[in-house]
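Undergrad: Going by my numbering, the first residue of the sequence shown is number 7, and it counts up by one from there.
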Amino acid sequence: MSEEPTHRQPEEALRRAERRATEAEARLESLQALRAELGHVHLRYTLPDGRITEISSAAEQLFGITAQRVLARRQCIHELLRAGDPECFDQLWWDICRGLVPTSTELRLSLDGGEERWILLAQRAVRDAGGALVAVEGLARDITATRRATAALFEEKEQLLTTLEAIADGVIATDASGRITLMNPEAERLTGWAWPDAEGRLLHEIYTVQDEHEPCLDLVQQVISSGEAVNPGGGGLLVRPDGSQRLLDELAAPIRDAEGSIIGVVLVFRDETAQRRVEEQTLRSQKLEALAVLAGGIAHDFNNILTGVMGNVSLALLQLPAQGPVPERLREAERALTRAKGLTQQLLTFARGGSPVTRAVPIAELVEESVAFALAGSDVGCQLDLPDDLWTVEVDDAQISRVLQNLVLNAEEAMPEGGTIRLRVTNRTMGLGNDHSLVQGRYVRICVTDHGVGIDPEQLPRIFEPYFTTKESGSGLGLSVCYSIVNRHRGALVVESEPGVGTTFFVYLPAAAEVVEEPREVLPDALSGTGRVLVMDDEAMVRDVASAMLAHLGYEPVTVADGAAAVELYSREAEAGRPFDVVLMDLTIPGGMGGQEAVRWLLSMDPYARCIVSSGYSDDPVMADHRAWGFRGVMRKPYRVDDLARALQAVLAEPPNDRCEE
Ligand code: ADP
Ligand code: MG
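1. Within its chain, find whatever has a CB closer than 7 Å to the CB of D248; leave out the 5 residues flanking it on each side and keep chain order.
2. When you compare only the Cα positions, how much space is there between L650 and T313?
3. For T510, which of helix, strand or coil comes out of DSSP?
4. Name the residue from V513, A380 and E504 whose alpha carbon lies nearest to the alpha carbon of V492.
5. Does the beta-carbon of S232, which I'm using as the reference point, lie nearer than 6 Å to any heavy atom of the ligand ADP?
6. Report buried or exposed for E93, applying the criterion of at least 16 other Cβ atoms within 10 angstroms of its Cβ.
7. Measuring only the C-alpha atoms, how far is P472 from H442?
8. For P563 and S553, which I take to be in contact (beta-carbon distance under 8 Å), what is that distance rounded to the nearest angstrom?
9. Buried or exposed: H219, going by 16 or more other Cβ atoms within 10 Å of its Cβ?
10. Taking only the alpha-carbon atoms, compute the straight-line gap between L413 and G484 and give it to the nearest angstrom.
11. Give the single residue among S486, P463, T475 and P516 whose Cα lies nearest to the Cα of E502.
12. Whose C-beta lies closer than 8 Å to the C-beta of G270 among residues of the same chain, with five residues either side of it excluded?
13. Please return the same chain residues whose Cβ sits closer than 7 Å to the Cβ of E278, not counting the five positions on each side in sequence.
14. Would you list the one or two residues that DSSP bridges to L34?
15. Skipping 5 residues on each side, what residues in its chain have a beta carbon closer than 8 Å to that of G460?
16. Figure out for me which residue from F470, R147, I125 and E660 has the closest Cα to the Cα of S490.
17. Does the distance between the C-beta of H485 and the nearest non-hydrogen atom of the ligand ADP fall short of 6 Å?
18. Which whole runs of the beta strand (DSSP E) in the region 14-73 are 3 residues long or more, in chain order?
19. Decide yes or no for the touch test of the region 421-432 against the region 379-393: beta carbon pairs closer than 8 Å, at least 3 of them.
20. How about D456: is its Cβ closer than 6 Å to a heavy atom in the ligand ADP?
21. Taking the beta carbon of F69 as the centre, do at least 16 other beta carbons fall within 10 Å, making it buried, or is it exposed?
22. Can you have a look at P516 and say buried or exposed, based on whether 16 or more other CB atoms are within 10 angstroms of its CB?
23. With M599 as the anchor, note down where its alpha helix (DSSP H) starts and where it stops.
24. Have a look at E161 and R153 and give me their C-alpha separation to the nearest angstrom.
25. Tell me whether G270, by its Cβ, gets closer than 6 Å to a heavy atom of the ligand ADP.
26. Measuring only the C-alpha atoms, how far is S36 from R104?
27. Counting Cβ pairs, one atom from each stretch, are 3 or more of them under 8 Å apart for the region 362-377 and the region 321-341?
28. Within the same chain, show all residues whose beta-carbon is closer than 6 Å to that of L225, passing over the 5 residues directly before and after it, in chain order.
29. When you compare only the Cα positions, how much space is there between F95 and R114?
30. Restricting to runs no shorter than 4 residues, where is the alpha helix (DSSP H) found entirely within the region 434-498?
31. Rounded to the nearest angstrom, how far is the Cβ of S621 from that of M629, given a contact under 8 Å?
32. Is the separation between the beta-carbon of G639 and that of A653 shorter than 7 Å?
33. From the DSSP output, which residues share a beta bridge with Q129?
34. My assumption, with CB atoms under 8 Å, is that L444 sits in contact with A519. Please give the rounded CB distance.
35. Let me know the alpha helix (DSSP H) ranges lying completely inside the region 208-266, each 4 residues or longer, listed in chain order.
36. Tell me, to the nearest whole angstrom, how far the beta carbon of R642 is from that of V363; I am working on the premise that it is less than 8 Å.
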C-alpha cells in the first residue's frame, strides 16, 4: 500500500479501497459468468476434510445439484466426484493428501438419475504462509461429447486395423514424406520386415521393387506429384532382406485430409508368385504338348521309312547264304535298326502316352538291355540279380525299358561320387488286399537300389508329380512317366528312401498267363506259307517291302493305298472266286479310309475276314486291344520278315469260324 500524506482524510482511503474491492468483485463476477457460459464450474475445497467452501452457480448443469444445496449440506468433494469411478477418485485423493495436486484429471461422474458424464478437472493447490496445503481451487468442465467422439474414433480405428489384419493383401501407409505409419501382417510377411523395425522408415528402405531390369521409380513421389492412384502394372520384383524375391502386383493411392491435401500414401500389394508359377507351368505343358505333336509326326514318318529299311534288310538276309562278310554287315545294320526302332517307339510313346501293347516278354533280357543302355559310358556299376526261374511278364517292352532306364538314370544321378546300383528281380504272388492295391495274382518284382543321397521325407510324396525335380537341369518328367506306364500295365511303382543312405524303387509287373517260349532263331522253312494277302498302306515303300517279304515267304501279295480300295478289291476278288486269305492294314491313312473303318466294312461283307492291323502308334487303343475292333492279329511297325511270318501263321492257324467280337 502506497504511503498517504498525513493530512489526507482516512475516510477517503477507505472509500477508495471499497471502490476497488467492488470493482474487483464485479470483474470476478463477470469472469464467472463467462466461465458459466462456457460451462465451467469453479469450486474450492479445504483440506484435509475436502469440504466444499465455494462452488459456482453453474454447478447444477454439471453435477446435477445446485450450488446452494452443496454449500447448505456442507458436502465434501467425495460426495460430488467419487460415485462414477471410485478407484480413480481414490487415487486422486491419495495424491492430494500427499501434497501432489494434479493439474488436470479426467473423471467419470455418475449423476443421480444414472446419467454418466465425463469431466476435465483442473486444480491448483492453495497453501498457507508456512507452505502447508490448506485448500484446493478447481475448475471443472464437461468433456462427455469429446470423450464419446474419441471413443467412436478409436472403435473405427480398431475396426480398420482388424480389417487390415484380415485381408490377404499387403497394406502399407506412409505420411507425405514417405515414412511408414502403418503396416498389416501380410505386408510384414511379404516384405520380410517386422512392424516395429519398419515403423518410421522410408518406404523404399523396406519395399525395394525392381522391374525386370531397372529399379522402380519411387512410388510415394509418383503418387504425390500426380495426386492420383498409381498402378505400376504388376510384375514388380520385391527383394526381401534374406535375398529372396516375390513377384508383386501393386497399387498406390494418395491419402487426403478434410481439406483435400495429400497427407500420405497407401500402398496395396499382392503376391503373384504362385499365380505366375501356375501360368509358367501351363505354358510349359503347352510347349511340351506342341513338342509332342511335332515329335509324334516325325516319329510316324520315320517309322514308315524304318519299316522299308528293316523289311528289306531282313529279306536280304534270308536271300543270302548265312555265312560271309555281307550277311554280317547286314546283321550289324539290323541291330542298329533295332535301336532306331526303340527310339521311334519312345518318341511315339512320349507323343501319345496311351495304352501299352503288351506281349509275353522274358524279363531278364529286358532288364539287361535297359540297364546296359542307360549306363553306357557311365562310371557307375551295376549288379544284376536275375534268377533263372523268373516268370515271363505281360508288358510293352519298349515302355518298360523306358521305365527301367529312367530309374537307373535317377539312381546314377543320386550317386555323384559313383558306386554300384543293384537290380534284383524276383517272382511274387500277391494275395487279396495287398499293400500296393494290386489285383490278386502273379507278379515279377524289380528292385532298383542305390546308395545315393536319398530323398527328403517331405519331398517323397511329390517325386511322381510331373515337373517335380531337385536337379538343376532336371525335367521332373522321368518318374511321372514311369508311374503312368507302370499303372497302365496294372502294376505298381513303390519307393523307399532314407536320406544319406539310399533309395529303392520297386516295380511290380503282371506275369504272363503262361510261359511262352518265343522262338528266337527261326528256321527259314518254318516261316513260309501260302495264300493271297491284301496289303493296305498309304506308304509306297511299306507296300513294296511288304510285297517283297510276302512273295519271299511264299504268299501271293496284292497291294492297295487306302481302306476304300481294299474293301472294293476284297469283294470283287471274292465274287471272282479268288478270295483273300488275309488282309494286312495300316491304321491311319491321311485323308482316306483307315484300317479301323475298313475292317468294319470287310466284316460286314465277310464275317470270317482275317485282318491284321499294323501301325507305328503302339499306344493306339486299337493296337492295344485289336480283337475288340475286329482284327485277329496285330503287328507293330517296323517289322522284320519273321515278325510278319509269325503274325500270318497265327491268324491262318485260327479256325475260320472263330469270330471276332465286334
Ligand atoms: P528328374 O530326374 O528330371 O529330376 P524325375 O521325375 O526322374 O525327374 O525325379 C524327380 C525327383 O525325384 C528328382 O529330382 C529327385 O529329387 C528325386 N529322385 C528320384 N530318384 C531318386 C533317387 N534314386 N535318389 C534320390 N532322389 C531321387
Ligand atoms: Mg530322372
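C-beta: ideal position from N, C-alpha, C; glycine also. Only a predicted model underlies this, so the values are computations on that prediction, with no experimental measurement involved.
TA: To lay it out plainly:
1. The count along the sequence shown starts at 1 and reaches residue 248 at position 242. The answer, listed in chain order, is G198.
2. Counted from its first residue, the sequence shown places residue 650 at position 644. Counted from its first residue, the sequence shown places residue 313 at position 307. When rounded, the distance between both Cα atoms is 11 Å.
3. The residue given as residue 510 occupies position 504 in the sequence shown. Strand at T510.
4. Within the sequence shown, residue 492 is the residue found at index 486, counting from 1. Ranking the options by Cα distance to V492, first place goes to V513.
5. Here the question's residue 232 lines up with position 226 in the sequence shown. Answer for S232: no, Cβ out of range of the ligand ADP.
6. Taking the first residue of the sequence shown as 1, we reach residue 93 at position 87. E93 is exposed by the Cβ-count criterion.
7. Counting from 1 along the sequence shown, the entry for residue 472 is found at position 466. Counting from 1 along the sequence shown, the entry for residue 442 is found at position 436. The straight-line gap from Cα to Cα measures roughly 21 Å.
8. In the sequence shown, residue 563 corresponds to position 557, counting from 1. In the sequence shown, residue 553 corresponds to position 547, counting from 1. Confirmed, Cβ separation roughly 4 Å.
9. As a first step, residue 219 must be located in the sequence shown, where it is residue number 213. With a pLDDT of 44 at H219, under the threshold of 50, the modelled position of that residue is not reliable, and no figure is offered here.
10. Here residue 413 refers to the residue found at position 407 of the sequence shown. Here residue 484 refers to the residue found at position 478 of the sequence shown. Roughly 8 Å separates the two Cα atoms.
11. In the sequence shown, the residue the question calls residue 502 occupies position 496. The candidate whose alpha carbon is nearest that of E502 is P463.
12. Residue mapping note: residue 270 aligns to position 264 of the sequence shown, counting from 1. So the qualifying residues of the chain are A179, T180, D181, A182, T187, P260 and I261.
13. For this step, residue 278 is matched to residue 272 along the sequence shown. Result list for E278: G240, L253, L254 and D255, in chain order.
14. Residue mapping note: residue 34 aligns to position 28 of the sequence shown, counting from 1. Answer is none; L34 lacks a bridge partner.
15. Here residue 460 corresponds to residue number 454 of the sequence shown, with the count starting at 1. Answer for G460: A420, S503, E504, P505, G506, V507, G508 and T509, listed in chain order.
16. Taking the first residue of the sequence shown as position 1, residue 490 is located at position 484. Here the closest residue by C-alpha is F470.
17. What you label residue 485 is simply residue 479 of the sequence shown in a count that begins at 1. Residue identity check: residue 485 is Leu in the sequence provided, not His. Result yes, Cβ under 6 Å from the ligand ADP.
18. 47-52 and 58-61
19. yes
20. To locate residue 456, count along the sequence shown from 1; it is residue 450. Yes, since a heavy atom of the ligand ADP falls inside the 6 Å radius drawn around the Cβ of D456.
21. Translated into the one-based positions of the sequence shown, residue 69 becomes position 63. Buried: at least 16 other Cβ atoms inside 10 Å.
22. If you number the sequence shown from 1, residue 516 lands on position 510. By the neighbour-count rule (16 or more Cβ atoms within 10 Å), P516 is buried.
23. The residue you call residue 599 lines up with position 593 of the sequence shown. Note, M599: premise wrong, no alpha helix (DSSP H); not H, not E.
24. The sequence position of residue 161 within the sequence shown is 155, counting from 1. The sequence position of residue 153 within the sequence shown is 147, counting from 1. Roughly 12 Å separates the two Cα atoms.
25. In the sequence shown, residue 270 corresponds to position 264, counting from 1. No, Cβ of G270 sits at least 6 Å from all heavy atoms of the ligand ADP.
26. One-based indexing of the sequence shown puts residue 36 at position 30. One-based indexing of the sequence shown puts residue 104 at position 98. Roughly 35 Å separates the two Cα atoms.
27. no
28. Position 219 of the sequence shown, counted from the first residue, corresponds to residue 225. A258.
29. Position 89 of the sequence shown holds residue 95. Position 108 of the sequence shown holds residue 114. Looking at the two C-alpha atoms, the distance is approximately 9 Å.
30. 484-494
31. As a first step, residue 621 is located in the sequence shown; it is residue number 615 there, counting from the start. As a first step, residue 629 is located in the sequence shown; it is residue number 623 there, counting from the start. 6 Å between Cβ atoms; contact.
32. In the sequence shown, the residue the question calls residue 639 occupies position 633. In the sequence shown, the residue the question calls residue 653 occupies position 647. Contact flag set, yes.
33. Locating residue 129 in the sequence shown gives position 123, counting from the first residue. Looking at the DSSP assignment, Q129 forms a beta bridge with G144.
34. On the sequence shown, position 438 is the one that residue 444 refers to. On the sequence shown, position 513 is the one that residue 519 refers to. Contact flag wrong, Cβ pair sits at about 16 Å.
35. 209-212 and 225-232
36. To locate residue 642, count along the sequence shown from 1; it is residue 636. To locate residue 363, count along the sequence shown from 1; it is residue 357. Rounded, the Cβ-Cβ distance is 6 Å, consistent with contact.
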